[in-house]
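Trainee: Count the sequence shown with my numbering and you get residues 1378 to 1784, in order.
Below is the structure I would like to discuss, written out as structure tokens.
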Amino acid sequence: MRGPFGAYALGTVLGGLLFSGAQAQMKVTSFDGNVTDDELKSFNDFITTLKPDTDNIGNKWAQGHSGEQTKAIGLVYQIAGQQATLDQMLRFCDAVLSERNDLAKAPIGQHKIWTGGIDPVWPNNVTQNPIQTGGEQGDPVGHLANCAYLILKTDKLHDEKVTIGDPYKYGATYMNRAETYLKEADTAMNNHILKRLLDVSDGNKMYFAKDAPYMGSKAVPWNQQMMFNYAFMNLCNAHRILNDNPTLLGKYKSIITASLDWFFHGGGVQTKKSGKGNPVYDWGYTMPKTTDEDSNHGSLDVAGFYRTYIDGNYGITADQMKPFANMFVDVMTLGNNKYAGTVEGQNKDGHASSTNYIRSGYLFLADFRPDAYESMMSADLAEGKTTKSADQFSRFLWVKHQRAIAK
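This is how it looks when you write it as structure tokens:
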């Protein structure tokens, strides 16, 4: 795992719990140097004011606000290890678990979905007939498994009572909470995702099941594979610490490995040359398409591949990641604060429209192009200024931290 808890682990436990929500924003102290106490405090203060979404309609717990905020909290905790940060992740994970279809009361839960059962899922549209599921199911599982993993690797907290209490009776101590999150993440993975939603019979490659109403029999799009991989990766990490189920760990790892191999070595991506002579990647939304991924889904793809890179257990190297960075800097960056709508540098409609801002998944790529770090971060952030985008701020902090510890 790259980027273990830094020198901030002994920081203030209470963080911003008494902060006035009306004024909370995250503030950039500087682009260079160590992540500062003020930056971490501003993040904790801001996150404390947020209210978790009450359902997953519209993918709120995937690429929606609560989903991105939960990932941001986990990322910042990996930088500094502050208990105040972790406590907010528990608050969000308590909420998302309580909203699972089989656990929540109607109207949030108790919906019969396309399988005919009240499955352990987070529906994103209950007006459909039948109610469908897709890649968005990976992210809530990933949140729970990630939080379990982060607790498990923080030995000093295991027997401590959870600071925020236990409103849902998921466990009074941090270890109790981790055990609940992991158990329920495994339940969702094995009683719906692997049992009915995914078909991994072809060398563990991810396809949707033949009878699935959403994209039945088709290859899972890359951005959705990243959602499932987020879940598989963190389930592996948690079970690896506990050493409690090597068979299940091996099963999860084999699916992630197949996904990565499919992309990097199985025809998922093409390597080309940019106008500046650098190797760049070009790939499509889903196999068998291998070109012209749109900017929106491309950002989600990149964030997912970067997660497996920093995890360190899947052999993804900086050299493999750099063509993503070259692609963004050489091809997608058009100048005058304009960024292309596709990974080939084209501008189309919808998700493939150009933007006047950098989608936050691409910020990770500054880790591999230090020459572009400041221009990428200063596109939408400024020293001494604030932001309300938790995913953007957390990814800035992460790359800043990586640069600081590399010196």
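Yeah, the Cβ is synthetic: ideal placement off N, Cα and C, and Gly gets one too.
I'd like to know whether the C-beta atoms of residue 1531 and residue 1458 end up nearer to each other than 8 Å.
Mentor: Against a cut-off of 8 Å, the Cβ pair of residue 1458 and residue 1531 comes out as a contact.
Trainee: Going by DSSP, what residues sit across from residue 1763 in a beta bridge?
Mentor: In the DSSP output, where bridge partners are listed per residue, residue 1763 has 1404.
Trainee: Quick one: what's got a C-beta closer than 8 Å to residue 1486's C-beta in the same chain, skipping five residues either side?
Mentor: 1476, 1477, 1478, 1479, 1480 and 1495, listed in sequence order.
Trainee: Taking the straight line between their C-alpha atoms, what separation do you get for residue 1566 and residue 1490?
Mentor: C-alpha separation (whole angstroms): 16 Å.
Trainee: How would you write the range of the beta strand (DSSP E) that residue 1787 sits in, first residue to last?
Mentor: What the structure shows of the chain is the stretch from 1378 to 1784, and residue 1787 is not part of that stretch, so it cannot be assessed.
Trainee: Would you mind working out which of 1517, 1415, 1579 and 1505 sits nearest residue 1442, comparing C-alpha positions?
Mentor: Checking every option, the nearest Cα to that of residue 1442 belongs to 1517.
Trainee: Express the C-alpha separation of residue 1720 and residue 1374 in angstroms, rounding to a whole number.
Mentor: Nothing about residue 1374 can be read from this structure; the chain reaches only from 1378 to 1784.
Trainee: What would DSSP say about residue 1789, mapped onto helix, strand or coil?
Mentor: Residue 1789 lies beyond the stretch modelled for the chain, which goes from 1378 to 1784, so this question has no answer here.
Trainee: For residue 1650, list the residues DSSP reports as bridge partners.
Mentor: Residue 1650 pairs with 1656.
Trainee: Which runs of the alpha helix (DSSP H) at least 4 residues long sit entirely within the segment 1448-1489? Give them in chain order.
Mentor: For the segment 1448-1489, whole alpha helix (DSSP H) runs of length 4 or above, ordered along the chain, are 1460-1475.
Trainee: Taking DSSP's pairing of strands, which residues face residue 1525 in a bridge?
Mentor: None, per the DSSP bridge assignment.
Trainee: List the endpoints of the continuous beta strand (DSSP E) containing residue 1612.
Mentor: No beta strand (DSSP E) contains residue 1612, which is instead part of the alpha helix (DSSP H) from 1599-1619.
Trainee: Please state whether DSSP places residue 1663 in a helix, a strand or coil.
Mentor: Note: residue 1663 maps to coil in three-state DSSP.
Trainee: Which residue's Cα is closest to the Cα of residue 1471: 1552, 1509, 1557 and 1504?
Mentor: Residue 1557 is the option with its Cα nearest to residue 1471.
Trainee: From 1544, 1762, 1780 and 1724, pick the residue whose C-alpha is nearest to that of residue 1748; which is it?
Mentor: Residue 1748 has its Cα closest to that of 1780, out of 1544, 1762, 1780 and 1724.
Trainee: Beta carbon of residue 1527, beta carbon of residue 1463: below 8 Å?
Mentor: Against a cut-off of 8 Å, the Cβ pair of residue 1463 and residue 1527 comes out as a contact.
Trainee: Going by DSSP, what residue range makes up the alpha helix (DSSP H) through residue 1627?
Mentor: Element bounds for residue 1627: 1623-1641.
Trainee: Among the residues of its own chain, which have a CB less than 7 Å from the CB of residue 1564, if the five just before and after it don't count?
Mentor: Only 1497 meet the Cβ criterion.
Trainee: Looking at the structure shown, is residue 1715 part of a helix, part of a strand, or coil, going by DSSP?
Mentor: Note: residue 1715 maps to strand in three-state DSSP.
Trainee: With DSSP as the reference, label residue 1439 as helix, strand or coil.
Mentor: It is coil, neither helix nor strand.
Trainee: Compute the Euclidean distance between the alpha carbons of residue 1359 and residue 1645, then round it to the nearest angstrom.
Mentor: Past the boundaries of the shown model lies residue 1359; the chain is included only from 1378 to 1784, so the question cannot be answered.
Trainee: Roughly how many angstroms separate the alpha carbons of residue 1679 and residue 1737, rounded to a whole number?
Mentor: Approximately 10 Å between the Cα atoms of the pair.
Trainee: Work out the CA separation of residue 1731 and residue 1672 for me, nearest whole Å.
Mentor: Distance between the alpha carbons of residue 1672 and residue 1731 is about 8 Å.
Trainee: Buried or exposed: which applies to residue 1398, given that a residue is buried once 16 or more other Cβ atoms fall within 10 Å of its Cβ?
Mentor: Unreliable placement is indicated for residue 1398, whose pLDDT of 41 sits below 50; the coordinate value is still reported in the next sentence. Answer is exposed; the Cβ neighbour count stays below 16.
Trainee: What is the DSSP secondary structure of residue 1398, reduced to helix, strand or coil?
Mentor: A caution first: residue 1398 carries a pLDDT of 41, below 50, which makes its placement in the model unreliable, though a value can still be read off. Here residue 1398 sits in helix by DSSP.
Trainee: What residues in its chain sit with their C-beta under 7 Å from that of residue 1548, if we drop five residues either side in the sequence?
Mentor: Same-chain partners within the cutoff: 1554, 1556 and 1557.
Trainee: For residue 1585, which residues does DSSP report across the bridge?
Mentor: According to DSSP, residue 1585 bridges with 1575.
Trainee: Let me know the secondary structure DSSP gives residue 1732 once reduced to three states.
Mentor: Residue 1732: strand per DSSP, three-state reduction.
Trainee: Which two residues bound the contiguous alpha helix (DSSP H) that contains residue 1565?
Mentor: Start and end: 1551-1565.
Trainee: Is DSSP giving residue 1675 helix, strand or coil here?
Mentor: Helix at residue 1675.
Trainee: Please name the residue, chosen from 1401, 1519, 1509 and 1406, that lies closest to residue 1604 on a Cα-to-Cα basis.
Mentor: For the residues 1401, 1519, 1509 and 1406, the minimum Cα distance to residue 1604 belongs to 1519.
Trainee: Consult DSSP for residue 1710 and reduce its assignment to one of helix, strand or coil.
Mentor: Strand.
Trainee: Taking DSSP's pairing of strands, which residues face residue 1596 in a bridge?
Mentor: DSSP, once it has assigned bridges, lists 1584 as partnering residue 1596.
Trainee: Given a threshold of 16 other Cβ atoms within 10 Å of its Cβ, counted over all protein chains shown, does residue 1714 qualify as buried or as exposed?
Mentor: So residue 1714 ends up on the exposed side.
Trainee: Specify, as a first and last residue, the run of the alpha helix (DSSP H) that residue 1420 falls within.
Mentor: Taken as a continuous stretch (DSSP letters only), the alpha helix (DSSP H) holding residue 1420 covers 1414-1426.
Trainee: With respect to the alpha helix (DSSP H) encompassing residue 1429, which residues constitute its N-terminal and C-terminal limits?
Mentor: Run containing residue 1429: none; DSSP gives neither H nor E here.
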